[in-house]
Amino acid sequence: MASEFNFPDSAAKTAAAESTPETMSINMGPSHPSTHGVLRLQMELDGEVVTRADPVVGYLHRGDEKIAENMTYNQFVPYTDRLDYLAPLANNVAYAIAVERLAGLEMPPRCQAIRVIISEMARISSHLMGLGAFGIDVGAWTVFLYTFTEREKLYKLFEELTGARFTTSYTRIGGLARDVPEGWTQRVNAFCDQFLPILEEALALLTRNRIFVDRTAGIGVISKEDAIAYGLTGPNLRGCGVPLDLRKDHPYCGYEQYEFDVPVGSKGDCYDRYLCRGEEMRQSVRIIKQAVKNFPGGDWYARDARRIFAPPKDKILTSMEELIQNFMLVTEGPQMPPGEVYFEAENPKGILGFYVVSKGGGVPWRLKIRSPSFCNLSILPKVCVGAMIADIVSILGSFDFVMGECDR
Amino acid sequence: MPAVADLATILREKFPQITARPSGDCPAFNVPAGEVLAVLQHLREAAGFAMLVDVTAIDWSAAQSPRFTVVWHLCSLTGHSYVRVAADCADDAQPAMPSASSLWPGANWHEREVYDMFGITFPGHPDLRRILMWDGYPYFPLRKDFPLAGLEAPLPDAEVAAETAVGLLPAPYMGGPFVATPGETMDEAEPRARDQSWTEERDKPA
Chain A
1 MASEFNFPDS
11 AAKTAAAEST
21 PETMSINMGP
31 SHPSTHGVLR
41 LQMELDGEVV
51 TRADPVVGYL
61 HRGDEKIAEN
71 MTYNQFVPYT
81 DRLDYLAPLA
91 NNVAYAIAVE
101 RLAGLEMPPR
111 CQAIRVIISE
121 MARISSHLMG
131 LGAFGIDVGA
141 WTVFLYTFTE
151 REKLYKLFEE
161 LTGARFTTSY
171 TRIGGLARDV
181 PEGWTQRVNA
191 FCDQFLPILE
201 EALALLTRNR
211 IFVDRTAGIG
221 VISKEDAIAY
231 GLTGPNLRGC
241 GVPLDLRKDH
251 PYCGYEQYEF
261 DVPVGSKGDC
271 YDRYLCRGEE
281 MRQSVRIIKQ
291 AVKNFPGGDW
301 YARDARRIFA
311 PPKDKILTSM
321 EELIQNFMLV
331 TEGPQMPPGE
341 VYFEAENPKG
351 ILGFYVVSKG
361 GGVPWRLKIR
371 SPSFCNLSIL
381 PKVCVGAMIA
391 DIVSILGSFD
401 FVMGECDR
Chain B
1 MPAVADLATI
11 LREKFPQITA
21 RPSGDCPAFN
31 VPAGEVLAVL
41 QHLREAAGFA
51 MLVDVTAIDW
61 SAAQSPRFTV
71 VWHLCSLTGH
81 SYVRVAADCA
91 DDAQPAMPSA
101 SSLWPGANWH
111 EREVYDMFGI
121 TFPGHPDLRR
131 ILMWDGYPYF
141 PLRKDFPLAG
151 LEAPLPDAEV
161 AAETAVGLLP
171 APYMGGPFVA
181 TPGETMDEAE
191 PRARDQSWTE
201 ERDKPA
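Residue numbers (our numbering), protein chains in the order written: chain A, 1 to 408; chain B, 1 to 206.
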């Protein structure tokens with residue numbers, strides 16, 4: 001390029017002739033505001049263009065898979081909260097279904113409906129956080145204030161349901177920790193009604209915002225083929241135009257009963273990923289409203305699973321049989337048959353998979369967590385090359401990853 | 001979408017050595033380690049399993065042979081189904097498995113993780129380094145002979161070690177919940193259990 005350009009003065013000519021190609025190594029993270037936790041990027045820059053990017057992960061590695069091998073199935077539920085800690089309820093549900101598949105248990109309709117509602121609420125809360133943080137990354141502060149207010153309302157509902165705002169630990173193998181409180185579903189419905197106009201207002205701050213579009217459109221483009229080859233999932237995959245959504249394609253937990261659309265991007269850039277998340281929240285509201293409208297009665301746990309789910313508390317205190325059953329469950333864990341199972345759920349960040357290998361008894365022999373953030377980040381060395389250093393922030397923001405889940 | 005029986009016939013035609021693996025959910029096959037790459041490629045091209053969703057390994061304990069099994073999960077985007085492929089590592093002391101990263105670049109990180117956690121090497125992998133633990137960490141934590149409490153490990157940074165005169169990182173979970181070293185009593189291993197150490201034979205400590 002330098003030789004084609006006709007420099008007007010001789011000083012610039014000399015400078016261009018003398019300049020040697022030099023690259024700079026830059027380290028970003030593990031504590032950098034736009035790395036959303038503890039991701040570290042080692043980059044080589046040529047001027048402002050990234051020529052090499054090497055993500056360093058593992059700063060939040062806690063050995064969850066090792067821990068899982070040393071405790072009973074129910075004891076591991078609180079650890080699943082700490083995977084994608086922006087959507088703990090969705091992780092709880094995915095884990096419970098995986099272990100229930102191993103036992104061959106099918107949940108009654110009320111339990112499934114509750115699980116669908118909480119998964120979709122978790123999706124909304126996770127996307128709200130993702131959008132707010134993405135906005136801040138590219139300089140749009142206001143969106144965060146809207147989304148955080150809405151997220152707080154969701155957290156009030158989570159607290160009412162589970163007793164905790166963040167670390168919910170709501171599911172048990174074979175059911176839930178408790179039934180929904182009186183009037184809770186109506187309050188969820190009321191939240192959805194007031195949420196939609198606010199969501200439109202918040203999205204309107206970004207969708208046609210000139211600065212936001214300039215910073216995201218055409219940036220971090222991923223082709224369909226690459227997205228599939230690197231195992232991208234969730235909004236990051238759908239933003240590239242691949243309509244894979246397990247809620248539609250491989251329905252679990254009764255998702256086949258609900259009507260909803262799967263938004264798909266066309267270009268695979270940061271802007272498409274943003275649009276997908278925005279639309280997914282509207283669709284989640286649609287699902288929640290259907291689930292609340294046709295909220296089934298009946299059991300909220302598997303009544304026939306005597307060696308897996310604890311009996312009702314009043315029975316434990318009054319009947320010998322149930323007391324023994326509860327004692328065995330607490331000390332030895334829910335009894336699983338030997339075998340192996342792989343289950344994936346469509347979580348807010350992508351596909352969360354659990355591969356459980358059991359030799360029978362209450363403790364898994366091996367529990368592998370296939371985390372969506374880990375796979376989504378593995379494409380970074382490819383996407384970042386050729387991008388400007390300022391675009392890295394947009395790309396990371398649009399990926400919406402969580403390091404708790406990536407590092408496990 | 002090829003049904004379970006179809007998939008087995010598609011594979012058996014080309015690879016007579018594969019056997020069905022007991023499975024409660026998706027079709028699963030045991031494959032000899034040497035044929036894994038060809039089988040995975042065939043599944044992708046002939047049966048439409050375009051996406052490699054997961055690569056992991058199982059340690060069947062130090063007493064077992066074959067000790068390590070590597071497991072791949074593939075997903076079909078058109079048929080919306082899964083298939084599981086498993087292969088045993090031939091050598092228990094130096095386990096190795098051909099790398100699938102030439103077929104799916106996404107296998108790169110998964111294989112690095114399996115190497116990091118189990119010490120299984122992947123010949124053909126472009127950049128087999130540790131991923132979750134730090135470079136130079138001496139153990140493979142998900143092996144069954146690695147204790148839950150962890151093991152003392154040298155500090156990763158020699159300069160810091162020289163400056164602080166601390167050469168070792170303590171075992172991370174020692175004294176934590178669910179950790180008891182064999183040969184120790186509960187109250188020696190876990191301080192929180194100390195007041196509960198009384199039994200019929202032993203008085204409650206004052």
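Glycine included, C-beta positions come from ideal geometry on N, C-alpha and C.
- Inter-residue distance for Pro181 of chain A and Phe374 of chain A is about 36 Å (C-alpha atoms, whole angstroms).
- Cβ-Cβ distances below 6 Å link Arg123 of chain A to Ser284 and Pro348 in the same chain, with the five nearest sequence neighbours on each side left out; the list follows chain order.
- Between the region 172-191 of chain A and the region 64-81 of chain A there are three or more C-beta pairs closer than 8 Å, enough to call the two in contact.
- DSSP lists A:Ile26 and A:Ala53 as the beta-bridge partner residues of Met43 of chain A.
- Apart from sequence neighbours up to five positions away, the residues of its chain that approach Thr216 of chain A with a beta-carbon distance below 8 Å are Val138, Asp269, Cys270, Tyr271, Tyr274, Ser394 and Ser398, ordered along the chain.
- The Cβ atoms of His125 of chain B and Glu113 of chain B lie no closer than 7 Å to each other.
- In the three-state reduction of the DSSP assignment, Cys253 of chain A falls in the coil class, being assigned neither a helical nor a strand state.
- In this structure, Ala90 of chain B sits near Ala33 of chain B, with a CB-CB distance shorter than 7 Å.
- Against chain A, the CB of Trp72 of chain B has no partner CB under 7 Å away; the residue lies outside that interface.
- The C-beta distance from Leu329 of chain A to Ala305 of chain A rounds to 10 Å, too long to meet the 8 Å contact threshold.
- Between Gln64 of chain B and the set B:Asp92, B:Ala153 and B:Glu152, the nearest pair of CA atoms involves B:Asp92.
- The DSSP assignment places complete alpha helix (DSSP H) segments of no fewer than 4 residues inside the region 362-392 of chain A at 372-377 and 380-383, in order along the chain.
- Ranked by Cα distance from Pro30 of chain A, the options A:Pro55, A:Met24 and A:Pro338 are led by A:Pro55.
- Beyond the five residues adjoining it in sequence on each side, Gly254 of chain A comes within less than 6 Å, by CB distance, of Gln112 in the same chain, given in chain order.
- Taking all protein chains shown into account, Glu100 of chain A has 16 or more neighbouring C-beta atoms within 10 Å of its C-beta and is therefore buried.
- Within the region 349-379 of chain A, those residues whose Cβ lies closer than 9 Å to any Cβ of chain B are, in chain order, Ile351, Gly353, Tyr355, Val357, Trp365, Arg366, Lys368, Arg370, Phe374, Cys375, Leu377, Ser378 and Ile379.
- With fewer than 16 neighbouring CB atoms inside 10 Å of its own CB, Asp6 of chain B falls in the exposed class.
- Contact annotation: in the region 89-104 of chain A, residues whose CB is within less than 9 Å of a CB in chain B are Arg101, Leu102 and Gly104.
- Ile67 of chain A has its alpha-carbon roughly 39 Å from the corresponding atom of Ala387 of chain A.
- Put simply, the backbone Cα of Pro105 of chain B is about 6 Å away from that of Tyr230 of chain A.
- Interface with chain B (7 Å Cβ-Cβ cutoff): Gly58 of chain A is included.
- Within the region 162-225 of chain A, the alpha helix (DSSP H) runs of at least 4 residues that lie entirely inside it are, in chain order, 184-207 and 210-216.
- Arg277 of chain A sits in a helix when the DSSP states are folded into three classes.
- Of the residues A:Arg172, A:Val49, A:Gly47 and A:Pro263, the one whose Cα lies closest to the Cα of Ala94 of chain A is A:Arg172.
- In the structure shown, Lys156 of chain A adopts helical secondary structure according to DSSP, grouped into three states.
- Looking at the DSSP output, Leu168 of chain B bridges to B:Pro154.
- In chain order, Leu132 and Met133 make up the part of chain B whose C-beta sits under 8 Å from the C-beta of His61 of chain A.
- Cβ contact annotation for Ile198 of chain A (same chain, cutoff 7 Å, sequence separation greater than five): Tyr146 and Glu150, in chain order.
- Between the region 198-208 of chain A and the region 337-346 of chain A, the count of Cβ pairs shorter than 8 Å is below three; the stretches do not touch.
- When DSSP states are grouped into helix, strand and coil, Ile395 of chain A belongs to the helix group.
- Thr233 of chain A is classed as buried because its beta carbon has at least 16 other beta carbons within 10 Å across all chains shown.
- Secondary structure of Cys26 of chain B (DSSP, three-state): coil.
- Neighbours of Val341 of chain A across chain B, judged by C-beta separation under 7 Å: Gly24 and Asp25.
- Residue-level contact by beta carbon fails for Lys315 of chain A and chain B, as no gap is shorter than 7 Å.
- Listed along the chain, the chain B residues whose CB falls inside 8 Å of the CB of Glu65 of chain A are Met117 and Leu142.
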